[in-house]
Amino acid sequence: MTQASLEALAASVPDGALLALPPDNSLPSVALAKALMRRGAKGLRLLGVPVSGFATDLLIGAGCVAEVQTSAVSLGEAGFAPRFSAAVKAGTILLRDATCPAIHTMLQAAEKGVPFMPLRGVVGSDILAHRPDWRVVQNPFSETPDPILLLPALQPDVAAVHAVMADEAGNVWVGRRRECATLAHASRRLLVTVERVVPGNMLEDERLAPGVISATYVEAFAVAERGAHPVALLDEYGFDAGYVAAYARAARTEEGFRAWAEEHVFNRIAREAAE
Amino acid sequence: MSGAVQPEERLAATLARLILDPAAPPVRHIAVGAASPIPAAACWLVAKSGHPVRLSLLHKRSGNPFTEGTRELFDLTGQGRIDLFFLGGGQIDGQANINLIGTGEWPGAGVRFPGSFGSAFMYFMTPRTILFREEHSPRVLVPRVDHVSAPGVSPPEVFRRGTAQALVTGRCVFRFEPARARFVLESVHPGESLETIRAETGFDFDAPDQVVVTPDPSAEELALLRGAVCDEMVETYPEFCARVWARKAAA
Numbered sequence: 001m002t003q004a005s006l007e008a009l010a011a012s013v014p015d016g017a018l019l020a021l022p023p024d025n026s027l028p029s030v031a032l033a034k035a036l037m038r039r040g041a042k043g044l045r046l047l048g049v050p051v052s053g054f055a056t057d058l059l060i061g062a063g064c065v066a067e068v069q070t071s072a073v074s075l076g077e078a079g080f081a082p083r084f085s086a087a088v089k090a091g092t093i094l095l096r097d098a099t100c101p102a103i104h105t106m107l108q109a110a111e112k113g114v115p116f117m118p119l120r121g122v123v124g125s126d127i128l129a130h131r132p133d134w135r136v137v138q139n140p141f142s143e144t145p146d147p148i149l150l151l152p153a154l155q156p157d158v159a160a161v162h163a164v165m166a167d168e169a170g171n172v173w174v175g176r177r178r179e180c181a182t183l184a185h186a187s188r189r190l191l192v193t194v195e196r197v198v199p200g201n202m203l204e205d206e207r208l209a210p211g212v213i214s215a216t217y218v219e220a221f222a223v224a225e226r227g228a229h230p231v232a233l234l235d236e237y238g239f240d241a242g243y244v245a246a247y248a249r250a251a252r253t254e255e256g257f258r259a260w261a262e263e264h265v266f267n268r269i270a271r272e273a274a275e
Numbered sequence: 001m002s003g004a005v006q007p008e009e010r011l012a013a014t015l016a017r018l019i020l021d022p023a024a025p026p027v028r029h030i031a032v033g034a035a036s037p038i039p040a041a042a043c044w045l046v047a048k049s050g051h052p053v054r055l056s057l058l059h060k061r062s063g064n065p066f067t068e069g070t071r072e073l074f075d076l077t078g079q080g081r082i083d084l085f086f087l088g089g090g091q092i093d094g095q096a097n098i099n100l101i102g103t104g105e106w107p108g109a110g111v112r113f114p115g116s117f118g119s120a121f122m123y124f125m126t127p128r129t130i131l132f133r134e135e136h137s138p139r140v141l142v143p144r145v146d147h148v149s150a151p152g153v154s155p156p157e158v159f160r161r162g163t164a165q166a167l168v169t170g171r172c173v174f175r176f177e178p179a180r181a182r183f184v185l186e187s188v189h190p191g192e193s194l195e196t197i198r199a200e201t202g203f204d205f206d207a208p209d210q211v212v213v214t215p216d217p218s219a220e221e222l223a224l225l226r227g228a229v230c231d232e233m234v235e236t237y238p239e240f241c242a243r244v245w246a247r248k249a250a251a
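In the order they appear, the protein sequences are chains H and U. Following this note's numbering, the numbering of the first sequence begins with 1 at its first residue and continues without gaps. Following this note's numbering, the numbering of the second sequence begins with 1 at its first residue and continues without gaps.
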């Protein structure tokens with residue numbers, strides 16, 4: 001665990017990495033996605049845990065993405081994700097469709113260090129027909145026919161989340177969004193942006209400890225205030241519907257996306273440098 | 001608020017009657033997923049009518065019951081602790097197959113929909129599903145979906161707890177008969193007839209000799225929808241509450 005700058009975090013994500021991102025209700029680091037755009041990341045393989053939102057659409061629009069594995073891509077109330085839709089239509093990204101509990105199950109297999117885990121349902125879905133890496137087998141514990149899906153363990157190269165705070169020991173706090181802990185356990189590296197750093201060790205506080213991801217799993221963290229924006233962050237700040245709706249309108253076209261990114265992603269460095 | 005019944009109110013009351021249908025498996029715990037204000041209103045109407053039902057609303061910001069995100073919803077469903085779920089579809093066909101993938105060549109070279117979410121699991125593992133889609137047109141209700149996110153019925157050896165109970169649209173209510181994998185017209189909303197439903201539905205379905213009109217919500221149901229139900233919904237669905245009930249969220 002080390003504290004680093006946001007841009008250093010982005011620099012540590014190699015081109016082509018399998019990068020896991022939580023969706024818009026589960027602490028995505030939009031700040032890190034924007035930093036990856038600024039660093040000009042290429043060929044990223046994104047994993048939606050279990051679905052994808054704003055950060056994924058940004059990275060696709062900026063040409064950072066080769067593949068997306070997810071159960072859905074959406075901007076919620078603002079509708080379809082425009083750069084994702086355009087990329088699917090143009091065939092510029094490889095899309096691997098999944099279903100939410102399958103992604104959770106693949107990560108849980110990696111978390112446990114086992115090669116696969118079973119999941120009910122899915123048999124008869126066309127998703128399965130397009131996933132040669134998923135297998136249906138006879139339940140070995142049943143004496144009657146009982147086909148069941150086996151899912152391979154999935155270990156992301158990097159997972160990125162935005163937590164509320166880090167402490168002096170390098171633990172990070174995600175509150176009730178404990179599914180982020182499974183993501184941390186399953187991934188080779190966890191990069192975290194936080195609103196602030198607090199003194200002490202949160203694992204010594206019985207009331208904070210259940211919402212902590214231990215420093216064991218945290219490779220590096222960076223302070224990025226409002227790093228989830230426009231997505232909500234627990235009880236810290238709400239969803240900025242106006243910002244996302246304005247993005248959705250602008251990003252309908254490639255030119256509109258570029259103008260939006262110029263203002264909201266690339267110019268920030270210049271603005272901050274001038275301040 | 002004037003007395004005229006709004007279409008959203010009729011749909012919510014219709015869904016509430018289906019939830020409470022004594023012929024269907026009992027409902028103790030309902031989960032409501034992505035942006036679904038009308039199903040959410042139906043669930044609140046059931047709860048506020050005095051029925052002891054637990055509601056888990058995934059998108060409610062305060063009081064969200066889950067401490068392990070959506071993973072917990074799927075685990076709860078696997079355990080058999082969720083009795084009813086709502087699903088929609090970019091396309092729905094006459095065998096109750098749903099398509100949330102897209103049209104044209106895989107994975108949606110025509111129109112790409114957002115994706116399947118948890119449907120390929122929930123449709124199997126919930127004792128009953130109510131399909132809900134406001135748009136009722138031949139482009140949504142198709143003879144055969146382009147891609148199956150989740151199948152309407154399964155062969156007997158495939159583990160499955162339930163199927164669709166009904167399909168509710170902006171024009172009518174269809175019951176689903178899983179043994180025949182076929183929809184039966186149950187009622188048409190005011191202004192519709194068997195002929196208009198046939199014209200707007202891409203799949204074939206059965207209909208009784210006498211087609212009944214979907215009843216209006218009762219005075220009690222309307223009072224609850226406009227009062228206690230709206231109170232519960234205004235935080236999560238501010239735009240819906242403003243549009244349907246002219247209710248503004250507290251600042």
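Built from N, CA and C at the ideal position, the CB exists for glycine as well.
My assumption, with CB atoms under 8 Å, is that residue i sits in contact with residue j. Please give the rounded CB distance.
i, j, result
"H/Leu27", "H/Val161", "5 Å"
"U/Asn97", "U/Gly33", "At roughly 19 Å, the Cβ-Cβ gap does not stay under 8 Å, so U/Asn97 and U/Gly33 are not in contact."
"H/Ala4", "H/Ala222", "5 Å"
"H/Thr182", "H/Gln69", "Rounded, the Cβ-Cβ distance is 16 Å, inconsistent with contact."
"H/Ala251", "H/Phe257", "4 Å"
"H/Leu21", "H/Leu46", "6 Å"
"U/Val229", "U/Trp44", "4 Å"
"H/Met165", "H/Val198", "5 Å"
"U/Val5", "U/Pro217", "6 Å"
"H/Leu94", "H/Glu67", "4 Å"
"H/Gly53", "H/Ser74", "7 Å"
"H/Arg226", "H/Tyr237", "7 Å"
"H/Val13", "H/Leu19", "6 Å"
Just to confirm my understanding: we take residue i, look at its own chain, exclude 5 residues before and 5 after, and list those with CB closer than 8 Å. What are they?
i, result
"U/Arg81", "His29"
"H/Pro101", "Pro50, Leu119 and Gly121"
"U/Thr70", "Leu58 and Gly118"
"H/Val212", "Asn171, Val172, Trp173, Val174, Met202 and Leu203"
"U/Arg54", "Arg28, His29 and Ile30"
Just mark residue i as buried or exposed, buried being the case when its beta carbon has 16 or more other beta carbons within 10 Å.
i, result
"H/Glu277", "Nothing can be reported for residue 277 of chain H: it is not among the residues displayed for chain H, which extend from 1 to 275."
"H/Gly76", "buried"
"U/Ala219", "exposed"
"U/Val213", "exposed"
"U/Gln165", "buried"
"H/His185", "buried"
"U/Asn99", "buried"
"U/Thr67", "exposed"
"H/Val279", "There is no way to answer for residue 279 of chain H, as the model of chain H reaches only from 1 to 275."
Residues bridged to residue i by DSSP?
i, result
"H/Glu67", "H/Arg45 and H/Leu94"
"H/Met117", "H/Leu151"
"U/Phe203", "None; U/Phe203 has no bridge partner."
"H/Gln3", "H/Phe221"
"U/Arg160", "Note: U/Arg160 sits in no beta bridge, so no partner."
"U/Cys255", "The question about residue 255 of chain U has no answer here: the residues shown for chain U are numbered 1 through 251."
"U/Glu177", "U/Arg182"
"H/Asn171", "Answer by DSSP bridge pairing: none, since H/Asn171 is not bridged."
"H/Tyr237", "H/Leu233"
"U/Asn99", "U/Gln91"
"H/Val158", "H/Leu19 and H/Arg189"
"U/Thr129", "U/Phe85 and U/Ala164"
What residues in its chain sit with their C-beta under 7 Å from that of residue i, if we drop five residues either side in the sequence?
i, result
"H/Ser71", "Gly48, Pro50, Val51, Ala98, Thr99, Cys100 and Ile103"
"H/Ala215", "Met1, Ala169, Gly170 and Asn171"
"U/Pro39", "Leu15, Val32, Phe86 and Phe132"
"H/Gly79", "Ala248"
"U/Pro107", "Ile101"
Leaving aside the five residues before and after residue i along the sequence, list all residues of the same chain whose C-beta is less than 6 Å from its C-beta, in chain order.
i, result
"U/Pro37", "Tyr237 and Phe240"
"U/Met1", "Low per-residue confidence applies at U/Met1: pLDDT is 48, beneath 50, and the placement is therefore not dependable, though the value from the model is reported in the following sentence. Correct list, in chain order: Arg226."
"H/Asp57", "Ala81, Arg83 and Phe84"
"H/Lys42", "Asp15"
"H/Pro230", "Asp240, Tyr243 and Val244"
"H/Ile148", "Pro118 and Asn139"
"U/Leu76", "Ile82"
"H/Ile60", "Arg83, Phe84 and Ala87"
"U/Thr169", "Arg133 and His136"
"U/Pro208", "none"
"U/Asn64", "none"
"H/Pro115", "Ala153"
"H/Arg189", "Val158 and Glu219"
| task | Assess, as a yes-or-no matter, whether the region 132–152 of chain U is touched by the region 75–95 of chain U under the definition of 3 or more beta carbon pairs within less than 8 Å. | result | yes
| Counting Cβ pairs closer than 8 Å, one from the region 147–163 of chain H and one from the region 175–185 of chain U, do we hit at least three? | The region 147–163 of chain H vs the region 175–185 of chain U: no contact.
| said: Could you check whether the region 131–150 of chain H touches the region 200–218 of chain H, counting it as contact only if at least three pairs of C-beta atoms, one from each stretch, sit closer than 8 Å? | reply: no
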